[in-house]
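Accompanying notes for the structure given below.
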Amino acid sequence: MAALVQPASAFAQGQCGGALKGTPQCDATPAKAPFAATGWQTVLLDHFSCQVADYSKEAAYYATLMNWSIRSDDGKQAMLDIGDWGGLQISGGYRAPPAPPAAAQPAAAAGRGGPRAPRNAVFTSVCWGIDQWDAKKVEAGLKQRGLSPVADNHGDFQSFHVKDPAGFGLQISNGNRKNRRQGPATAKTVAPAPFAPTAWKTVWLDHISYEVPNYKETVAFYVALLGWKAGEDEGSQSQCEIGDIGDIIIRRGGGGPPGVPVTPRPASIGHISFGIASFDPDQVKAELDKRGLNAREDTGGRGDIHTAPYKSYHTTTPNGYDLQISATTRANRSA
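With this note's numbering applied, the sequence shown has no gaps in its numbers, which climb one by one up to 387 at the end.
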């Protein structure tokens with residue numbers, strides 16, 4: 053059996069290293085499949101959906117810093133192209149929930165690159181394009197597996213909304229690289245560019261950091277439903293491969309030490325890391341610094357950023373979301 057390769061970024065952020073490894077609270081036994089595999093493969097990151105307090109500022113920030121093109125802006129939300137392989141829908145209207153008690157705050161949040169500014173942003177769903185699209189068969193397959201699909205179609209775009217085991221929004225579409233993001237994206241948003249544009253090119257979904265109440269069942273769900281490849285179960289998380297699109301780290305939510313009771317929290321995407329081409333640690337930091345942006349080094353705990361196998365910086369968007377920028381690409385995804 054081939055050994056599973058687990059990237060350094062994932063192991064460093066888990067809760068089950070050192071003396072905790074192999075203990076009952078860090079059981080690394082994967083969950084059983086919740087249903088028969090569909091045989092579907094995920095072929096496209098159709099789009100993330102994000103709600104923020106000020107969508108126009110957020111859109112202008114991503115367009116200027118990451119060079120994502122604005123495909124549309126209707127005055128309430130904007131759709132951006134992430135290169136030619138993904139999308140981000142940003143809508144306004146976010147209202148922050150009441151702050152939790154101090155004791156409920158994750159002790160390790162700062163160490164994982166959590167934002168230092170108030171967070172006025174939340175990712176509400178992710179839409180994935182699959183192969184073998186046949187709307188009737190997809191709907192039937194979802195219902196057979198105990199899900200309640202809700203159709204959402206616009207022109208040639210076809211999709212179904214469901215909920216994953218953690219209650220997070222999952223949209224499954226007929227999207228692929230041949231039928232999505234066709235033609236130039238030349239729309240504008242109301243907010244001005246916050247600074248001079250970079251020359252960065254976003255080429256890879258390094259990872260989504262996804263915290264859920266039960267990470268094992270969530271991993272098993274996505275493996276069976278969307279054909280993702282599970283990584284090694286660390287005891288508190290598993291990094292899965294999403295085909296040739298990128299990776300996702302599905303984590304046990306709460307952030308506290310294993311076995312210590314915490315207030316249950318809903319599923320959430322804590323941060324997203326995007327790989328850019330020709331990543332140079334000093335140049336990337338200089339570009340962030342001269343734009344007045346914070347640059348929090350993250351090597352997955354593997355030493356100096358110039359020599360570590362995993363290289364990245366976290367920064368914070370105008371609405372307080374944690375954006376990670378890394379050197380990871382398809383070619384070195386297992387480094």
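For glycine and all other residues, C-beta sits at the position ideal for the given N, C-alpha and C.
K230 - DSSP class collapsed to helix/strand/coil: Along the sequence shown, read from residue 1 onward, the residue named residue 230 stands at position 178. DSSP places K230 in coil when its eight states are reduced to three.
According to DSSP, residues forming a beta bridge with V255: Residue numbering aside, residue 255 sits at position 203 when the sequence shown is read from its first letter. Partner(s): none; V255 has no beta bridge.
Separation of L375 from K109, as counted between CA atoms: Numbered from its first residue, the sequence shown carries residue 109 at position 57. Numbered from its first residue, the sequence shown carries residue 375 at position 323. C-alpha separation (whole angstroms): 15 Å.
Spatial neighbours of W252 in its chain, beta-carbon cut-off 7 Å, leaving aside the 5 residues before and after: In the sequence shown, residue 252 corresponds to position 200, counting from 1. Cβ within range, chain order: M118, N119, I328.
Pair within 8 Å by beta-carbon distance, I348 and H366: Looking up residue 348 in the sequence shown gives position 296. Looking up residue 366 in the sequence shown gives position 314. Contrary to the premise, residue 348 reads as Arg rather than Ile in this sequence. Yes, the pair counts as a contact, with Cβ atoms nearer than the cut-off.
Cβ pair A173, A319 closer than 8 Å: As a position in the sequence shown, residue 173 is number 121, starting the count at 1. As a position in the sequence shown, residue 319 is number 267, starting the count at 1. No, these two residues do not count as a Cβ contact at 8 Å.
Paired residues, beta bridge with C19 - DSSP: Summary: the structure shown does not reach residue 19, with the chain confined to residues 53 through 387, and so no result is reported for it.
Check: I324 C-beta below 7 Å from any heavy atom of the ligand FMN: In the structure shown, the ligand FMN is absent, as is every other ligand, since no ligand is present at all.
Backbone CA spacing between T254 and R233 [nearest angstrom]: Taking the first residue of the sequence shown as 1, we reach residue 254 at position 202. Taking the first residue of the sequence shown as 1, we reach residue 233 at position 181. Straight-line spacing of the CA atoms in T254 and R233 works out to 15 Å.
Three-state class that DSSP yields for P158 in the structure shown: As a first step, residue 158 is located in the sequence shown; it is residue number 106 there, counting from the start. Reliability of the predicted coordinates at P158 is poor, the pLDDT of 49 falling under 50, and the value obtained from them is presented with this limitation in mind. Judged by DSSP in its simplified three-state form, P158 adopts coil rather than helix or strand.
Nearest neighbour of P149, chosen from Q77, R171, S124 [CA to CA]: Here the question's residue 149 lines up with position 97 in the sequence shown. The shortest C-alpha separation from P149 is found at R171.
At least three beta-carbon pairs within less than 8 Å, the region 125-137 to the region 206-226: Result no; under three Cβ-Cβ pairs closer than 8 Å.
Boundaries of the alpha helix (DSSP H) in which A173 is found, first to last residue: One-based indexing of the sequence shown puts residue 173 at position 121. In this chain, A173 is not harboured by any alpha helix (DSSP H); it is covered by the beta strand (DSSP E) spanning 173-182.
Span of the alpha helix (DSSP H), counted from its first residue to its last, around T116: Here residue 116 corresponds to residue number 64 of the sequence shown, with the count starting at 1. Element bounds for T116: 107-117.
Any chain D beta carbon closer than 8 Å to A329: The chain labelled as chain D is not found in the depicted structure, where only one protein chain is given.
Burial state of A115, where buried means 16 or more other Cβ atoms lie within 10 Å: For this step, residue 115 is matched to residue 63 along the sequence shown. Burial check for A115: the Cβ neighbour count within 10 Å reaches 16 or more, so the residue is buried.
Within the region 279-363, ranges of the beta strand (DSSP E) (whole runs, at least 3 residues): Counting only runs of 3 or more, we get 289-294, 298-304, 320-328.
Through-space distance from R304 to H259, alpha-carbon basis: Position 207 of the sequence shown, counted from the start, is the residue given in the question as residue 259. Position 252 of the sequence shown, counted from the start, is the residue given in the question as residue 304. So the alpha carbons of these two residues sit roughly 16 Å apart.
Beta carbon of A112 nearer than 8 Å to that of T238: Residue 112 sits at position 60 when you count from the first residue of the sequence shown. Residue 238 sits at position 186 when you count from the first residue of the sequence shown. No. Outside cutoff.
Span separating the alpha-carbon of D450 from that of I142: This structure cannot settle anything about residue 450, because the visible part of the chain is limited to 53 through 387.
Range covered by the beta strand (DSSP E) that runs through L375: For the purposes of this step, residue 375 is taken as the residue at position 323 of the sequence shown. Run containing L375: 374-378, per the beta strand (DSSP E) assignment.
Proximity below 8 Å, CB of C68 to CB of E286: As a first step, residue 68 must be located in the sequence shown, where it is residue number 16. As a first step, residue 286 must be located in the sequence shown, where it is residue number 234. Yes, the pair counts as a contact, with Cβ atoms nearer than the cut-off.
Among T176, A71, R385, nearest to A220 - alpha-carbon criterion: The residue you call residue 220 lines up with position 168 of the sequence shown. First, the amino acid is wrong: residue 220 is Phe here, not Ala. Restricting attention to T176, A71, R385, the CA atom closest to the CA of F220 is found in T176.
Alpha-carbon to alpha-carbon, W185 and S200: Within the sequence shown, numbered from 1, the residue matching residue 200 stands at position 148. Within the sequence shown, numbered from 1, the residue matching residue 185 stands at position 133. So the two alpha carbons sit approximately 18 Å from each other.
Closest by C-alpha distance to I122, when choosing among N384, C179, A243: Here residue 122 is taken as the residue at index 70 of the sequence shown, counted from 1. It is A243.
Span separating the alpha-carbon of D216 from that of L278: The residue labelled residue 216 in the question sits at position 164 within the sequence shown. The residue labelled residue 278 in the question sits at position 226 within the sequence shown. In this model, D216 and L278 are separated by some 11 Å (Cα to Cα).
Rounded C-alpha distance that separates N205 from L72: Counted from its first residue, the sequence shown places residue 205 at position 153. Counted from its first residue, the sequence shown places residue 72 at position 20. If you take the alpha carbons of N205 and L72, they lie about 48 Å apart.
Whether V271 touches S290 by CB criterion (8 Å): Position 219 of the sequence shown, counted from the start, is the residue given in the question as residue 271. Position 238 of the sequence shown, counted from the start, is the residue given in the question as residue 290. The Cβ-Cβ distance between V271 and S290 falls below 8 Å.
DSSP state of T270 mapped onto helix, strand, coil: In the sequence shown, counting from the first residue as 1, residue 270 sits at position 218. Shown here, T270 sits in a helix according to DSSP, grouped into three states.
C-alpha gap between D106 and P246, whole angstroms: Position 54 of the sequence shown, counted from the first residue, corresponds to residue 106. Position 194 of the sequence shown, counted from the first residue, corresponds to residue 246. D106 and P246: Cα-Cα distance of roughly 13 Å.
Separation of K189 from A151, as counted between CA atoms: Within the sequence shown, numbered from 1, the residue matching residue 151 stands at position 99. Within the sequence shown, numbered from 1, the residue matching residue 189 stands at position 137. Separation of A151 and K189 (C-alpha to C-alpha, rounded to the nearest whole angstrom) is 44 Å.
Helix, strand or coil at K215 according to DSSP, with G and I counted as helix: For the purposes of this step, residue 215 is taken as the residue at position 163 of the sequence shown. K215 falls in the strand class under three-state DSSP.
Whole-angstrom distance between P86 and R385, CA atom to CA atom: Within the sequence shown, numbered from 1, the residue matching residue 385 stands at position 333. Within the sequence shown, numbered from 1, the residue matching residue 86 stands at position 34. About 28 Å.
For E263: DSSP bridge partner residues: By one-based count along the sequence shown, residue 263 stands at place 211. BP columns for E263 point to R303, S320.
Contact under 8 Å by Cβ, L257 with L97: Position 205 of the sequence shown, counting from 1, holds the residue named residue 257. Position 45 of the sequence shown, counting from 1, holds the residue named residue 97. Closer than 8 Å, so yes.
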